[in-house]
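This report refers to the structure that appears directly beneath it.
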Amino acid sequence: MSIAVLRLGHRLVRDDRTTTHVALVSRAFGCKKIFMSDVDDSILETMKKVCADWGGSKEFDIEIIQNWKSVINSWKKNKGIVVHLTMYGVNIENLSLDFGYNKNILVVIGASKVPKEVYSLADMNIAVGNQPHSEIAALAIFLDRFFQGKELISTFQNAKMSIIPSSHGKTVKIRKPKN
Ligand code: SAM
């Protein structure tokens, strides 16, 4: 089973920060991959640096796509489940997030208005509450419910730095480079 994110409708410059945060949440909260349309190089640079410093370049992948519909269609063709997060969907509070054994899940989130077709292509339209808020919040809450909190204690391979949790201050362990 793996979970990936499809980011729709990135508006150049205006959405740079939000899309960066969507990618950071995807990596930190257990997704294997994010598909996004043409974005500013700074977003890719930020993600590359985060993965180089904190790990994840082996576990987390970014794919720049031209055609969101073909990503959804090929996901479905490979028997994956497509979930669209939207305030108009079924409230997550009233749903079981059991999508079946070993199913790969694609979580679709928007930036601005999402094309109508997405609602019918998705296997399920899920609302994280039926109020408008943010794709970053919706994605984080969906993933946390899906993984039942276990994503919060996962670690990444090849991290140069890792945090030693403490209730006061900042303690970071730096891995010694191999000769
Ligand atoms: N007005 C837009 C629309 O019609 O979809 C909402 C844009 S909202 C800022 C950006 C994205 O956040 C949405 O496409 C959706 O993926 C996500 N989102 C916002 N509120 C949500 C909610 N209550 N539940 C699930 N996803 C939500």
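Numbering (this note's numbering) for the sequence shown: -2 to 176. Where is the CB? At the ideal position from N, CA and C, for every residue including glycine. Computed from a predicted model, the values in this text were never measured in an experiment.
Per-residue burial, Leu92 [other beta carbons within 10 Å of its own, 16 or more giving buried]
Position 95 of the sequence shown, counted from the first residue, corresponds to residue 92. The residue is exposed, with fewer than 16 neighbouring Cβ atoms inside 10 Å.
Taking the C-alpha atoms as reference points, what is the distance between Val22 and Ser54?
Numbered from its first residue, the sequence shown carries residue 22 at position 25. Numbered from its first residue, the sequence shown carries residue 54 at position 57. In a straight line, the C-alpha of Val22 is about 15 angstroms away from that of Ser54.
Through-space distance from Lys45 to Asp58, alpha-carbon basis
Translated into the one-based positions of the sequence shown, residue 58 becomes position 61. Translated into the one-based positions of the sequence shown, residue 45 becomes position 48. Cα-Cα distance, rounded: 10 angstroms.
List the whole-angstrom C-beta distance separating Phe139 from Ile123, where the pair is believed to meet the contact cut-off of C-beta under 8 angstroms.
On the sequence shown, position 142 is the one that residue 139 refers to. On the sequence shown, position 126 is the one that residue 123 refers to. Indeed, because the Cβ distance is near 7 angstroms, the residues count as touching under 8 angstroms.
Where Asn91 sits in the DSSP three-state scheme:
Taking the sequence shown and counting its residues from 1, the one referred to as residue 91 is at position 94. Residue state for Asn91 is assigned as helix, using DSSP reduced to three classes.
Roughly how far, in whole angstroms, is the beta-carbon of Arg142 from the beta-carbon of Leu94, given that I think they are within contact range, below 8 angstroms?
Counted from its first residue, the sequence shown places residue 142 at position 145. Counted from its first residue, the sequence shown places residue 94 at position 97. With a Cβ gap of about 6 angstroms, Arg142 and Leu94 count as contacting.
Could you tell me the alpha carbon to alpha carbon distance between Phe153 and Ala49, rounded to whole angstroms?
As a working mapping, residue 153 is identified with position 156 in the sequence shown. As a working mapping, residue 49 is identified with position 52 in the sequence shown. Approximately 11 angstroms, taken between the alpha carbons.
Between the region 77 to 84 and the region 96 to 108, are three or more C-beta pairs nearer than 8 angstroms?
yes
With a threshold of 7 angstroms, establish whether the CB of Lys113 neighbours any heavy atom of ligand 1.
As a working note, residue 113 is residue 116 in the sequence shown. For ligand 1, not one heavy atom lies less than 7 angstroms from the Cβ of Lys113.
With DSSP as the reference, identify every bridge partner of Leu103, one or two as the case may be.
Working through the sequence shown from its first residue, we reach residue 103 at position 106. BP columns for Leu103 point to Ala1 and Val79.
Closer than 6 angstroms by C-beta to Met121: which residues in its own chain qualify, once you throw out the five before and the five after it? Chain order, please.
Residue mapping note: residue 121 aligns to position 124 of the sequence shown, counting from 1. Hits under 6 angstroms: Val80.
Inter-residue Cα distance where the pair is Val52 and Lys157
The count along the sequence shown starts at 1 and reaches residue 52 at position 55. The count along the sequence shown starts at 1 and reaches residue 157 at position 160. The question names Val, but residue 52 is Gly in the sequence shown. Computed Cα separation, rounded: 7 angstroms.
Proximity below 8 angstroms, CB of Phe32 to CB of Leu3
Reading the sequence shown from its first residue, position 35 is the one you call residue 32. Reading the sequence shown from its first residue, position 6 is the one you call residue 3. Yes; because the gap between Cβ atoms is below 8 angstroms, this pair is in contact.
Buried or exposed for Glu27, please, with buried defined as at least 16 other CB atoms from any protein chain shown within 10 angstroms of its CB.
Along the sequence shown, read from residue 1 onward, the residue named residue 27 stands at position 30. Residue 27 is actually Gly in this sequence, not Glu. With 16 or more Cβ atoms within 10 Å of its Cβ, Gly27 is classed as buried.
Looking at Thr16 and His7, is the spacing between their C-beta atoms short of 8 angstroms?
Residue numbering aside, residue 7 sits at position 10 when the sequence shown is read from its first letter. Residue numbering aside, residue 16 sits at position 19 when the sequence shown is read from its first letter. Contact: yes.
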